[in-house]
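Structure first, commentary second.
Shown next as structure tokens:
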């Protein structure tokens with residue numbers, strides 16, 4: 037791979053079910069669907085590494101087409117429930133390009149000054165976090181350790197409670213952390229992404245009563 041720029045990522049997150057992808061076509065899909073450009077470093081990742089599952093399935097990168105595991109990048113980001121909690125990409129909201137086995141979403145968004153930054157959306161708690169001050173630092177500085185986006189103890193508890201994760205599903209809490217659910221093994225099960233996302237967002241909306249907690253605002257988390 038050119039310049040070995042993704043070597044540290046691949047050392048931390050070895051491919052499990054890796055697929056090639058037409059990087060330029062996927063970037064064009066993002067532009068057509070969401071009106072913004074994919075950051076150059078992400079396009080380079082698609083071109084040099086591809087998409088699919090990494091690190092024993094702990095991390096999944098969306099591709100241009102659906103597979104047996106997940107939807108395409110464009111289709112996943114078009115899901116109606118995202119607009120219930122997040123601003124549209126054209127207005128500064130994120131586009132998600134990868135996810136963890138817990139459904140945490142890795143994305144990019146553009147700030148008002150035009151800077152592109154990587155973000156992590158913790159779906160279980162409906163919070164958006166900044167991962168680095170600029171997108172170019174994501175692969176060489178952030179995604180360089182296996183536990184960069186997944187806590188090992190959290191993962192061990194999920195595996196103990198729910199067993200091996202079926203393809204295309206997430207480790208999901210039975211009782212949501214939004215209402216005090218624990219991270220103990222007995223509180224995990226396997227669930228399909230859409231079902232978990234819809235249920236969690238509906239629960240968050242029901243709990244959000246203060247003006248500052250209105251959908252699309254509290255989820256920002258300063259990112």
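Residue numbers (this note's numbering): 37 to 259.
Backbone N, C-alpha and C define an ideal beta-carbon position, used for all residues, glycine too.
Whole-number beta carbon distance between residue j and residue i, since they are thought to touch under 8 Å
i	j	result
residue 144	residue 171	6 Å
residue 88	residue 71	So it is not a contact: roughly 27 Å between Cβ atoms.
residue 197	residue 224	4 Å
residue 137	residue 206	6 Å
residue 94	residue 191	7 Å
residue 69	residue 110	5 Å
residue 96	residue 134	6 Å
residue 117	residue 234	6 Å
Buried versus exposed call for residue i [16 or more other C-beta atoms within 10 Å across all chains shown]
i	result
residue 189	exposed
residue 122	buried
residue 246	Summary for residue 246: the model assigns pLDDT 43, below 50, so the residue's position carries little reliability, and this model does not support an answer.
residue 177	exposed
residue 236	buried
residue 212	buried
residue 47	exposed
residue 154	buried
residue 238	exposed
residue 50	exposed
residue 62	buried
residue 142	buried
Residue span of the beta strand (DSSP E) that contains residue i, given as start and end
i	result
residue 205	Note, residue 205: premise wrong, no beta strand (DSSP E); not H, not E.
residue 153	152-158
residue 262	In this structure the chain extends from 37 to 259, so residue 262 is not present and cannot be described.
residue 74	That residue, residue 74, is in no beta strand (DSSP E); it is neither H nor E in DSSP.
residue 105	No beta strand (DSSP E) holds residue 105; DSSP gives it neither H nor E.
residue 176	Here residue 176 belongs to no beta strand (DSSP E), and DSSP marks it neither H nor E.
residue 89	87-90
residue 117	No beta strand (DSSP E) contains residue 117, which DSSP labels as neither H nor E.
residue 131	131-136
residue 143	141-146
residue 51	51-55
residue 166	163-166
Cβ shell of residue i (< 6 Å), same chain only, five flanking positions each side left out
i	result
residue 179	45
residue 218	none
residue 314	Outside the displayed range of the chain (37 to 259) lies residue 314, so it cannot be described from this structure.
residue 194	207 and 224
For residue i, the first and last residue of its enclosing alpha helix (DSSP H)
i	result
residue 194	188-198
residue 98	Run containing residue 98: none; DSSP gives neither H nor E here.
residue 109	109-113
residue 47	43-48
Close beta carbons around residue i, own chain, < 8 Å, minus the five adjacent residues each side
i	result
residue 55	86, 87, 88, 99 and 103
residue 232	139, 159, 206 and 208
residue 101	108
residue 226	198, 199, 201, 202, 205, 206, 207 and 208
Residues near residue i by beta carbon distance below 7 Å, same chain, minus five either side
i	result
residue 209	160, 217, 223 and 224
residue 252	Summary for residue 252: the model assigns pLDDT 41, below 50, so the residue's position carries little reliability, and this model does not support an answer.
residue 92	52
residue 129	122, 123 and 145
residue 42	81, 84, 85 and 175
residue 57	82, 86, 87, 99 and 100
Check: residue i C-beta below 7 Å from any heavy atom of the ligand SAH
i	result
residue 233	Only the bare structure without any ligand can be found here, which leaves the ligand SAH out of the picture.
- Message: Below 8 Å, how does it come out for the segment 102-116 and the segment 182-196: are there three or more Cβ pairs, yes or no?
- Response: no
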